[in-house]
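Each number in this note's numbering comes from the position in the sequence shown (counting from 1) with 69 added on.
Cβ atoms here follow ideal geometry from the backbone N, Cα and C, with glycine treated the same way.
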Amino acid sequence: MAHATVTDTDPPVRTALPARAARYLSGPEVGWVVRYSGWLGPVAVALFAGILRFWNLAYPNAFVFDETYYPKDAWSLLHQGYEGVWPENSNFGILSVPQNVPLTPAPEFIAHPPLGKWVISLGESAFGLHPFGWRVAVALLGTLTVLMLARIGRRLFSSTLLGCTAALLMAVDGLQFVMSRVGLLDGVVMFFVLAAFGCLLVDRDHTREILRAARAEGGRAGDEVRLGLRPWRLAAGLLLGAACATKWNGAQILAAFGLLTVLWDQSGRRWAGAARPWRSMLRRDALPAFLSTVGVAVLVYVSAWSGWFATDGGFDRHWAEGRAGLSPPRTPVVDIPLPQVPMGWVPESLRSWWHYQAQMYDFNTGLTSPHMYQSNPWSWLVQGRPVSMYWQQVPQGQQGCTAQGGCASQILALGTPLLWWTACFALAYLLWRWFFRRDWRAGAVLAGVAGVYLPWFQYQHRTIFSFYMVVLVPFLCLAVAFMLGAMLGPPGCPAPRRRYGAIAAGAVVLAIVGCFAYFYPLYTAEVIPMTQWQERMWLTSWI
Numbered sequence: 070m071a072h073a074t075v076t077d078t079d080p081p082v083r084t085a086l087p088a089r090a091a092r093y094l095s096g097p098e099v100g101w102v103v104r105y106s107g108w109l110g111p112v113a114v115a116l117f118a119g120i121l122r123f124w125n126l127a128y129p130n131a132f133v134f135d136e137t138y139y140p141k142d143a144w145s146l147l148h149q150g151y152e153g154v155w156p157e158n159s160n161f162g163i164l165s166v167p168q169n170v171p172l173t174p175a176p177e178f179i180a181h182p183p184l185g186k187w188v189i190s191l192g193e194s195a196f197g198l199h200p201f202g203w204r205v206a207v208a209l210l211g212t213l214t215v216l217m218l219a220r221i222g223r224r225l226f227s228s229t230l231l232g233c234t235a236a237l238l239m240a241v242d243g244l245q246f247v248m249s250r251v252g253l254l255d256g257v258v259m260f261f262v263l264a265a266f267g268c269l270l271v272d273r274d275h276t277r278e279i280l281r282a283a284r285a286e287g288g289r290a291g292d293e294v295r296l297g298l299r300p301w302r303l304a305a306g307l308l309l310g311a312a313c314a315t316k317w318n319g320a321q322i323l324a325a326f327g328l329l330t331v332l333w334d335q336s337g338r339r340w341a342g343a344a345r346p347w348r349s350m351l352r353r354d355a356l357p358a359f360l361s362t363v364g365v366a367v368l369v370y371v372s373a374w375s376g377w378f379a380t381d382g383g384f385d386r387h388w389a390e391g392r393a394g395l396s397p398p399r400t401p402v403v404d405i406p407l408p409q410v411p412m413g414w415v416p417e418s419l420r421s422w423w424h425y426q427a428q429m430y431d432f433n434t435g436l437t438s439p440h441m442y443q444s445n446p447w448s449w450l451v452q453g454r455p456v457s458m459y460w461q462q463v464p465q466g467q468q469g470c471t472a473q474g475g476c477a478s479q480i481l482a483l484g485t486p487l488l489w490w491t492a493c494f495a496l497a498y499l500l501w502r503w504f505f506r507r508d509w510r511a512g513a514v515l516a517g518v519a520g521v522y523l524p525w526f527q528y529q530h531r532t533i534f535s536f537y538m539v540v541l542v543p544f545l546c547l548a549v550a551f552m553l554g555a556m557l558g559p560p561g562c563p564a565p566r567r568r569y570g571a572i573a574a575g576a577v578v579l580a581i582v583g584c585f586a587y588f589y590p591l592y593t594a595e596v597i598p599m600t601q602w603q604e605r606m607w608l609t610s611w612i
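Written as structure tokens, this is what we have:
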């Protein structure tokens with residue numbers, strides 16, 4: 070089934086070129102570039118993204134939004150193995166010169182698992198407890214995510230051009246840009262989730278090669294062939310476990326990706342000639358898939374708490390000591406008393422840990438404290454209510470402000486508007502492509518969108534924020550690149566069709582890049598006149 074994209078094998082059109090240009094394009098230098106374009110293009114886009122993300126990373130010299138929590142927790146993990154209590158004035162002391170780090174050994178209740186904070190602590194261990202130190206690891210992951218997306222898009226669409234286009238779009242997305250420059254956890258989750266998606270794509274390709282070889286030998290290959298050890302799927306399980314060990318919304322994505330990989334197995338066996346592909350998949354693939362994804366993820370999640378288990382000072386670390394071996398009491402979801410179950414055979418440390426997990430669950434599902442920047446998932450795709458992570462009104466004559474009406478300095482977690490609005494149309498196109506044309510590539514991207522986005526609708530009563538959708542950005546960029554490939558036209562189509570399609574697709578990309586440049590001051594806390602800030606408030610809900 071033909072798909073309207075360009076591919077790396079399309080022959081170059083040289084008939085209209087002068088002889089000198091034709092000789093140049095066929096030279097050894099160009100041949101080397103073409104041969105290694107699958108890496109040169111992605112690396113070039115990643116370098117561009119890295120320059121943007123690391124430039125002036127230490128500014129502003131302040132705790133940005135929830136940086137007041139995670140960098141300090143990371144420092145505590147680095148020095149104590151568990152999250153300790155910080156005094157109320159600790160932010161001022163940390164940013165002061167000379168620095169004062171008033172960490173106490175008293176345990177602190179935390180709402181998220183520790184792995185993402187361990188990642189942040191890597192930068193702090195190298196550069197210290199200051200803004201660059203707690204942002205550098207997240208910035209590095211944000212840059213590597215751009216590189217991964219280029220390679221993933223190349224594999225998914227069989228086109229270096231479309232893979233690099235998807236990566237370029239993510240490089241200039243405002244939300245991914247902002248979340249790569251702050252010490253929060255969501256950018257870490259994004260890295261692990263996209264890496265897992267890439268591993269599952271490689272696993273799919275490898276298993277199709279095994280099935281293709283078995284099919285060539287004849288017989289009922291789809292029913293009988295054993296796929297053996299699948300290291301790429303094991304790697305995906307490890308990465309999804311890491312996502313869960315950073316924030317719990319990784320569990321929802323784990324479920325979506327686990328379903329995706331077994332559906333790929335079923336379709337692969339059907340393609341290979343299986344008489345009963347569903348039964349064959351359930352008999353040969355379902356249990357290994359569960360162990361490779363969910364089983365490995367559970368092991369990774371528990372291992373991420375090694376600091377809590379290895380020390381004595383963590384929150385609830387000795388909760389079970391002296392108790393009668395009963396399961397931890399907790400507030401039930403429904404108003405029905407839950408009986409305590411004898412658990413004397415379970416080690417006290419595990420019972421204490423389970424009690425801690427129950428408290429975290431109650432907090433994360435029951436948080437309803439109002440916040441001025443909370444929003445409903447219905448508005449997230451159109452960026453209806455972005456989060457202001459940093460705001461400072463600058464009077465005239467201070468910090469370089471020369472405007473009579475004063476200036477503003479803001480970090481707004483706003484996805485590049487033209488990219489996100491274009492992505493809404495791209496998702497509609499993917500739904501059509503998947504439902505009516507059964508295009509597995511559209512289904513793969515939509516599975517990522519569904520796993521990241523749809524579960525949040527069950528928490529509309531909870532205090533939630535639009536910046537959680539940074540995990541969705543790679544899949545939105547893949548969707549837009551997919552649609553742009555359709556605009557370019559299929560290989561072999563008339564030259565005018567290709568030319569007009571390329572002009573239209575290029576115009577979309579340039580408009581998105583220009584939109585990012587226009588909002589760039591709001592992503593980096595640049596001091597701009599208040600009038601310019603007001604011009605960028607396209608919607609009143611952004612204020």
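DSSP links C476 through a beta bridge to V463, P598.
With respect to F260, L309 sits apart: the two C-beta atoms are not nearer than 9 Å. Looking at the DSSP output, S457 shares a beta bridge with L481. Distance check between F585 and each of V114, M239, L351 places M239 closest, using alpha-carbon atoms only. For E278, the enclosing alpha helix (DSSP H) starts and ends at 255-285. Taking every protein chain shown into account, the CB of P416 has fewer than 16 other CB atoms within 10 angstroms, so this residue is exposed. Residue pairing of G517 in beta bridges, as defined by DSSP: absent, with no partner found.
Taking all protein chains in view, the Cβ of Y459 is crowded by 16 or more other Cβ atoms within 10 Å, so the residue is classified as buried. Residue state for P176 is assigned as strand, using DSSP reduced to three classes. Within the DSSP bridge table, the entry for G211 names no partner. Assignment of G153 by DSSP, reduced to helix, strand and coil, places it in the strand class. Per DSSP, V539 is not a residue of any alpha helix (DSSP H), being assigned neither H nor E.
In the three-state scheme derived from DSSP, where H, G and I count as helix and E and B as strand, Y138 is classed as coil. Distance between Q527 and W489, taken at the CA atoms: about 23 Å. Residue range 365-372 is occupied by the alpha helix (DSSP H) that includes V365. With contacts defined by Cβ atoms closer than 9 Å, L270 and L225 form a contacting pair. W525 counts as buried, since at least 16 other C-beta atoms from the protein chains shown sit within 10 angstroms of its C-beta. Note that the C-beta distance between G192 and G202 is below 9 Å. Under the three-state reduction of DSSP output, V294 falls in the coil class, being neither helix nor strand. With a 10 Å radius around the Cβ and a threshold of 16 neighbouring Cβ atoms, N318 comes out buried.
Residue environment: A180 is assigned as exposed (fewer than 16 neighbouring CB atoms within 10 Å of its CB, all protein chains considered).
Under the DSSP assignment, D242 falls outside any alpha helix (DSSP H); it carries neither an H nor an E label. L280 sits close to G291, with the two beta carbons spaced by under 9 Å.
With contacts defined by Cβ atoms closer than 9 Å, F117 and L263 do not form a contacting pair. Out of G153, Q335, A571, the CA that lies nearest to the CA of R273 is found in Q335. Here the stretch 345-365 makes contact with the stretch 323-335; the two share three or more CB pairs at distances below 8 Å. Taking 9 Å as the cut-off, the beta carbon of F132 is found closer than this to the beta carbon of L164. Of all alpha-carbon atoms in F544, Q245, M538, Y537, the one lying nearest the alpha-carbon of R510 is that of F544.
The residue from G558, S190, I120 with its alpha-carbon nearest to that of Q149 is S190. Taking C-beta separations shorter than 6 Å and ignoring five residues to either side along the sequence, the partners of G570 in its chain run M556, L557, G558, following chain order. Setting aside the 5 residues that flank it on each side, G256 is surrounded in the same chain by V207, L210, G211, M248, S249, V539, each with a C-beta closer than 7 Å to its C-beta; the list follows chain order.
Cβ contact annotation for P464 (same chain, cutoff 6 Å, sequence separation greater than five): G475, in chain order. 9 Å or more divides the Cβ of K141 from the Cβ of W124.
Here the alpha carbons of Y587 and S361 stand approximately 45 Å from one another. In the assembly as shown, F536 is a buried residue. Its beta-carbon has 16 or more other beta-carbons within 10 Å.
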